[in-house]
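Q:
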Amino acid sequence: MGADHTPLEHIPLFIKAGSILPLNPAQRLNTQQDDCRELLIMPFIGKGQADIQIFDDDGESFHYLKTHFCLFDIHLNCDEKTINLTIKRTGSFRPAYNVLHFRLPKNEQRILWVNGKPLTPKCSILLSDIH
119 MGADHTPLEH IPLFIKAGSI LPLNPAQRLN TQQDDCRELL IMPFIGKGQA
169 DIQIFDDDGE SFHYLKTHFC LFDIHLNCDE KTINLTIKRT GSFRPAYNVL
219 HFRLPKNEQR ILWVNGKPLT PKCSILLSDI H
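Per our numbering, residue 119 is the first one in the sequence shown, and the count goes up by one each step.
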């Protein structure tokens, strides 16, 4: 026990099924515009449901105290054939990004539906399409 060696770049990250993690795509330059937010979806292996909230604001002020924020209410519903997301957005803050990109685990074969529509292979939607 304790004899296994793992390089730091290979440390596993355990994520609970039914979770959604907001990620920033890797940027080569710090001057690149933040025009996309990625959501890593960790669906249930079989059936399952979860309600998730993702909060965003300007990251600099206290304006979020007066509804100047963006809140995504997400309902995740999985079955054997599909992964369904229902996303609603509230708040007056408009993030710099205008695209939500969805990423599923590498071997996930189920069809991803967002707000009643199947997603194309690129798995992206415009933020303006979420109300």
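Where a beta carbon is used, it is the ideal one built from N, C-alpha and C, also for glycine.
Using the Cα positions of Pro-143 and Gln-167, report the straight-line distance between them to the nearest angstrom.
A: In the sequence shown, counting from the first residue as 1, residue 143 sits at position 25. In the sequence shown, counting from the first residue as 1, residue 167 sits at position 49. For Pro-143 and Gln-167, the distance between alpha carbons rounds to 27 Å.
Q: Between His-193 and the rest of its own chain, which residues show a CB-CB distance below 6 Å, the 5 nearest in sequence each way excluded?
A: Taking the sequence shown and counting its residues from 1, the one referred to as residue 193 is at position 75. Here the set comprises Asp-169, Thr-204.
Q: Nearest by alpha-carbon distance to Leu-245: which of Ile-129, Cys-188, Leu-218, Lys-165 is it?
A: Within the sequence shown, numbered from 1, the residue matching residue 245 stands at position 127. Looking at the Cα atoms, Leu-218 is the closest of the given residues.
Q: Would you list the residues sitting across from Leu-131 in a DSSP beta bridge?
A: Taking the sequence shown and counting its residues from 1, one reaches residue 131 at position 13. Leu-131 pairs with nothing; no bridge assigned.
Q: What are the uninterrupted segments assigned as alpha helix (DSSP H) that are 4 or more residues long and contained completely in the region 159-244, given in chain order?
A: Fully enclosed alpha helix (DSSP H) runs of 4 or longer: not present.
Q: I'd like to know whether the C-beta atoms of Asp-174 and His-186 end up nearer to each other than 8 Å.
A: On the sequence shown, residue 174 is found 56 positions in, with the first residue counted as 1. On the sequence shown, residue 186 is found 68 positions in, with the first residue counted as 1. Against a cut-off of 8 Å, the Cβ pair of His-186 and Asp-174 comes out as no contact.
Q: On the DSSP bridge list, what partners appear for Ile-138?
A: Locating residue 138 in the sequence shown gives position 20, counting from the first residue. Ile-159.
Q: Roughly how many angstroms separate the alpha carbons of Cys-196 and Phe-162, rounded to a whole number?
A: The residue labelled residue 196 in the question sits at position 78 within the sequence shown. The residue labelled residue 162 in the question sits at position 44 within the sequence shown. If I take the Cα positions, the gap works out to 6 Å.
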